[in-house]
Amino acid sequence: MTNGASLEGTAISVDGLRAAMTRLDLKRGDVVFAEGSPGDSLFVVQTGAVKVFRPRTVQRSTSPTILAILGPGDHFGEMSLLNGELRTATVTAVRATTLLELTRDAFDHELEANSALAATLMRDLARRIRLSSNAVAELVYADVPSRVARAIVVLAEKFSVSTAPGETRVDHQLTQSELAEFVGAARESVNRALGILERAGAIVARPGFVKVTNYERLHAYAGLSA
Ligand code: CMP
1 MTNGASLEGT AISVDGLRAA MTRLDLKRGD VVFAEGSPGD SLFVVQTGAV
51 KVFRPRTVQR STSPTILAIL GPGDHFGEMS LLNGELRTAT VTAVRATTLL
101 ELTRDAFDHE LEANSALAAT LMRDLARRIR LSSNAVAELV YADVPSRVAR
151 AIVVLAEKFS VSTAPGETRV DHQLTQSELA EFVGAARESV NRALGILERA
201 GAIVARPGFV KVTNYERLHA YAGLSA
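Numbering of the sequence shown is given in full-length UniProt numbering, commencing with residue 1 and proceeding in unit increments.
Structure follows, in structure tokens:
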């Protein structure tokens, strides 16, 4: 697959659809679309990262408003295409990002011609429901350091660069407020949680990135086996 952009798990590469796709170059903060707008296309992240979020409606609410951070190979915007309803979330770029856009006509044509695409979209929606259920359980049962540790593990899957042996730099490029919106906690609590993980020797946190210095300890905080 070229540049890591693929519709996860299918034989359909973006290359096959390239003629039908339009390239979009974004800088940090650029809005792809807003929650509540009509949805006429699906997007694939080619390079960079976007955040999928619900603008805060309740003042000082600590529920997660960032639903996902998506990186190369991820797709979004399929929900409105599939059910004809309005966009369920706002999507903006969190760094310089290149997207490929597939319009409704090309999407409908491709969906009819290729059952593998339908299977991928179903798998992806199932995965998303599972993650959302986990997130609800986490909010109820897990403390903030555990949620922050888990968020770092999730971000590491997409945005890791190896530095020294045994050390990984997770180049998330999020502000501490964005991290707080991702884990569903106040910024001050996330700041304290990063301090706890740092003193435990699991990470070193700096603006825009985290160095994972001990994966076992990070996984232990996240409640995951390493
Ligand atoms: P759509 O509703 O068309 O526009 C917003 C998009 O954000 C949506 O399609 C999905 O592709 C994506 N999205 C919505 N909720 C989530 C979530 N919980 N996790 C990841 N992506 C999501």
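Just so you know, even glycine gets a beta-carbon here, dropped at the ideal spot from N, CA and C.
Asked, Found
"Which of the three DSSP states is assigned to threonine 98 in this structure?", "strand"
"Buried or exposed: which applies to glutamine 59, given that a residue is buried once 16 or more other Cβ atoms fall within 10 Å of its Cβ?", "For glutamine 59, the predicted structure reports a pLDDT of 49, less than 50, and the residue's modelled location is therefore unreliable. A value from the coordinates is still provided. Exposed."
"Please report the distance separating the alpha-carbon of proline 207 from that of glutamate 178.", "11 Å"
"Please classify lysine 27: is it buried, with 16 or more other beta-carbons within 10 angstroms of its beta-carbon, or exposed?", "exposed"
"Need the endpoints of the beta strand (DSSP E) that aspartate 25 sits in, please.", "21-26"
"Within the continuous alpha helix (DSSP H) that includes glutamine 176, where are the two ends?", "176-183"
"So, with DSSP's three-state summary, where would you put arginine 169?", "strand"
"How about leucine 197 and leucine 218: are their beta carbons less than 9 Å apart?", "yes"
"Which residues share a DSSP beta bridge with threonine 47?", "Thr98"
"So, using beta-carbon positions, are alanine 20 and glutamate 110 closer together than 9 Å?", "yes"
"Counting only the same chain and skipping the five closest in sequence on each side, list residues whose C-beta sits under 7 Å from that of leucine 70.", "Val45, Ala49, Val50, Val52 and Phe76"
"Less than 9 Å between the beta carbons of glutamine 173 and valine 91, yes or no?", "no"
"Identify, in the order they occur along the chain, each residue of the same chain with its Cβ nearer than 6 Å to the Cβ of threonine 163, setting aside the five sequence neighbours on each side.", "Arg169"
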